[in-house]
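There are 2 protein chains.
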Amino acid sequence: MNQHSSSEKIPKTRRGRETREKLLQAAEIEFGERGFHEAAISGITQRAGVALGTFYVYFNSKEEIFRALVTYMSHLTRTWIYERVAESPDRLAAEREGVKAFVEFVRQHKNLYRIVSEAQFVAEDAYRDYYTTFANSYRENLQLAADNSEIRGGDFDVWAWALIGMNVFVGMRFAAWEDAQSADDIAESITDLIGNGMLGSKGS
Amino acid sequence: MNQHSSSEKIPKTRRGRETREKLLQAAEIEFGERGFHEAAISGITQRAGVALGTFYVYFNSKEEIFRALVTYMSHLTRTWIYERVAESPDRLAAEREGVKAFVEFVRQHKNLYRIVSEAQFVAEDAYRDYYTTFANSYRENLQLAADNSEIRGGDFDVWAWALIGMNVFVGMRFAAWEDAQSADDIAESITDLIGNGMLGSKGS
DNA sequence: CTGAAACATGAATCAACATTCAAGTTCTGA
DNA sequence: TCAGAACTTGAATGTTGATTCATGTTTCAG
Numbered sequence: 001m002n003q004h005s006s007s008e009k010i011p012k013t014r015r016g017r018e019t020r021e022k023l024l025q026a027a028e029i030e031f032g033e034r035g036f037h038e039a040a041i042s043g044i045t046q047r048a049g050v051a052l053g054t055f056y057v058y059f060n061s062k063e064e065i066f067r068a069l070v071t072y073m074s075h076l077t078r079t080w081i082y083e084r085v086a087e088s089p090d091r092l093a094a095e096r097e098g099v100k101a102f103v104e105f106v107r108q109h110k111n112l113y114r115i116v117s118e119a120q121f122v123a124e125d126a127y128r129d130y131y132t133t134f135a136n137s138y139r140e141n142l143q144l145a146a147d148n149s150e151i152r153g154g155d156f157d158v159w160a161w162a163l164i165g166m167n168v169f170v171g172m173r174f175a176a177w178e179d180a181q182s183a184d185d186i187a188e189s190i191t192d193l194i195g196n197g198m199l200g201s202k203g204s
Numbered sequence: 001m002n003q004h005s006s007s008e009k010i011p012k013t014r015r016g017r018e019t020r021e022k023l024l025q026a027a028e029i030e031f032g033e034r035g036f037h038e039a040a041i042s043g044i045t046q047r048a049g050v051a052l053g054t055f056y057v058y059f060n061s062k063e064e065i066f067r068a069l070v071t072y073m074s075h076l077t078r079t080w081i082y083e084r085v086a087e088s089p090d091r092l093a094a095e096r097e098g099v100k101a102f103v104e105f106v107r108q109h110k111n112l113y114r115i116v117s118e119a120q121f122v123a124e125d126a127y128r129d130y131y132t133t134f135a136n137s138y139r140e141n142l143q144l145a146a147d148n149s150e151i152r153g154g155d156f157d158v159w160a161w162a163l164i165g166m167n168v169f170v171g172m173r174f175a176a177w178e179d180a181q182s183a184d185d186i187a188e189s190i191t192d193l194i195g196n197g198m199l200g201s202k203g204s
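From first to last, the protein sequence lines are chains A and B. For the first sequence, my numbering gives the first residue as 1, with consecutive numbering after it. For the second sequence, my numbering gives the first residue as 1, with consecutive numbering after it.
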């Protein structure tokens, strides 16, 4: 099923783990700055301060380290947003915090954002997993909120993907491309839209 | 400003125009199926039925023909959606038609959709232009609708990007990845969400 | 009809890496 | 302390494919 799991190269010693970690951090920068195809293994090893051959002690291919990076970053994104959203009193507040958290995350991790997007082409299965996992938990949260009468009913599967798309594009435009607007204002505009709709009277 | 306009190679004869057109059509397939980096100039010329060298009579580089393709496709997308949306009686109906049109467009043009997404990395300025143009006209339409009391006020700049993101992600999930759900149902769920919000009572 | 411009050809060039490998160095458990 | 496992090294290999170029062929204005 996974063409790379055939021989995962897991370090046995502390030195090995440290070197692998250095390579991963270097790859984050190299892939982020140059993109998958422009990125060079030699660029990664140079940034990591190890010899070229060392790379292949820890990874079987360029694609393999890229996948490892995507996995690492999905985890990072999810954790970051989850922590920020956890204490929200209701669903709409959670959406507001979610947008804020995502915008701030993108502003701090422009490289990571680019890498995830590029996964769409380099490792499509990893990319689909990334957003599908996200969408599933989103859908469940919407369902819970509906059960709790915080929001009304709807097609939560479609809604989840729609809401993710909103976050991604707003994050791209107002965080990755431009820093000017405050995350608060953006989050407020979004919350306003999805809370009350384009027809309803202005809430809050 | 544009590093490629230095020597645009515009055909002077009918034969030349036809060959250029064949190359563009071949490129659409080659880039769509293999992605920018996997695509080969020789693949394009083979599909077009011309010799390798002929390519450089019409384009200065692989990137140049890719950009030409993106421009061509933005035009195609916009035209398609515009025609479908034009007769809508009000903004919400226009949104519904827009989602439907986009889903159907993606289902018929999976190659083109992929190419535009990849432009993000290969020709970022073209990609930004593509969505920025889209967002600007979206924003103006929202403003007109508000002036006309079809919708209430809001931060239409943010709203426009949010709505585009919704379309793109819903299109990706329910059109590019999977054909099962009807475009009508999807459009209805989206319209329901953005029309009435998550709080408002179910409309229509 | 005719010469110059436009167009077509595909073998040859050239550079850029990904990946391999044979030889050395460091670590660790007993 | 020592053998073998783990790790490191960087030159060499091999492939791929974009781009160039010298040489034909076709078109078309005058």
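Every residue, glycine too, gets a C-beta built ideally from N, C-alpha and C.
Environment of residue i [buried if 16+ CB atoms lie within 10 Å]
i	result
B:S74	buried
B:N136	exposed
A:L52	exposed
A:K100	buried
B:N148	exposed
A:I186	buried
B:A39	buried
A:R173	buried
B:A145	buried
B:S7	exposed
B:L142	buried
A:R114	buried
B:A183	buried
Where residue i falls: helix, strand or coil (DSSP)
i	result
A:S182	coil
A:M166	helix
A:F59	coil
A:N148	coil
A:W177	coil
B:A135	helix
A:E124	helix
A:M198	coil
B:D157	helix
A:I118	Here the sequence assigns Glu to residue 118 of chain A, which means Ile is not the residue at that position. Note: A:E118 maps to helix in three-state DSSP.
B:S7	helix
A:A51	coil
A:S189	helix
Short Cβ contact (7 Å threshold) for residue i with residue j
i	j	result
A:R47	A:A26	yes
B:F121	A:E118	yes
B:V103	B:A175	yes
A:V85	A:G98	yes
B:E95	B:T13	no
A:T45	A:F55	yes
A:R139	A:F156	yes
B:I151	B:R91	yes
B:Y82	B:R20	no
A:L193	B:W159	yes
A:F169	B:G165	yes
B:G197	A:G197	yes
B:G171	B:N111	no
B:K62	B:I29	no
B:G200	A:G200	yes
Continuous alpha helix (DSSP H) stretch holding residue i: start and end
i	result
B:G35	R14 to E38
B:H75	K62 to V85
B:I41	I41 to A48
A:E95	R91 to Q108
Below-7 Å beta-carbon distance, residue i vs any chain B residue
i	result
A:F121	yes
A:N196	yes
A:V70	no
A:R84	no
A:V99	no
A:V106	no
A:G32	no
A:A180	no
Neighbour flag for residue i against chain A, beta carbons, 7 Å
i	result
B:H37	yes
B:F169	yes
B:S5	Caution applies to B:S5, whose pLDDT of 43 falls short of 50 and renders its modelled position unreliable; the value that the coordinates give is listed next. Chain A contact via Cβ: absent.
B:E118	yes
B:S189	yes
B:I252	Any answer about residue 252 of chain B is impossible in this case: the structure gives chain B only from 1 up to 204.
B:I115	no
B:D129	no
B:V158	yes
Residue i Cβ short of 6 Å to the ligand MG heavy atom set
i	result
B:R114	The ligand MG is not part of the structure shown, which contains no ligands of any sort.
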